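All the letters of the sequence shown, read from the start, carry residue numbers 110 to 164 under our numbering. C-beta: ideal position from N, C-alpha, C; glycine also. Bear in mind the structure is a predicted one, so any value in this text is a computation, not a measurement. I have placed the structure first, in the form of structure tokens, so that the comments after it can refer back to it.
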Amino acid sequence: KDSLLPSEEKVGAFTRIIEAMGFTGQLKYNRWKLKVAALRMYTCCVEKTDYEEFF
């Protein structure tokens, strides 16, 4: 029913966000480092924790 056409490819949320920001091609840092940095930033913002104390 919901089969993808051969020309379509399923992309993840991270890829959609990067494309929405206008980045194309290679990024300076790999995805894993970007995801870890985003999680740290989110945690510090939500918990109102000082980044230097957190790490």
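Go through its chain and collect everything with a Cβ distance to residue 140's Cβ below 7 Å, but skip five positions before and after it. Here residue 140 is taken as the residue at index 31 of the sequence shown, counted from 1. For residue 140, where only same-chain residues beyond five positions count, the Cβ hits under 7 Å are 123.
For residue 132 and residue 151, the rounded distance between their alpha carbons: What you label residue 151 is simply residue 42 of the sequence shown in a count that begins at 1. What you label residue 132 is simply residue 23 of the sequence shown in a count that begins at 1. When rounded, the distance between both Cα atoms is 21 Å.
For residue 123, the first and last residue of its enclosing alpha helix (DSSP H): In the sequence shown, the residue the question calls residue 123 occupies position 14. Per DSSP, residue 123 belongs to the alpha helix (DSSP H) from 122-129.
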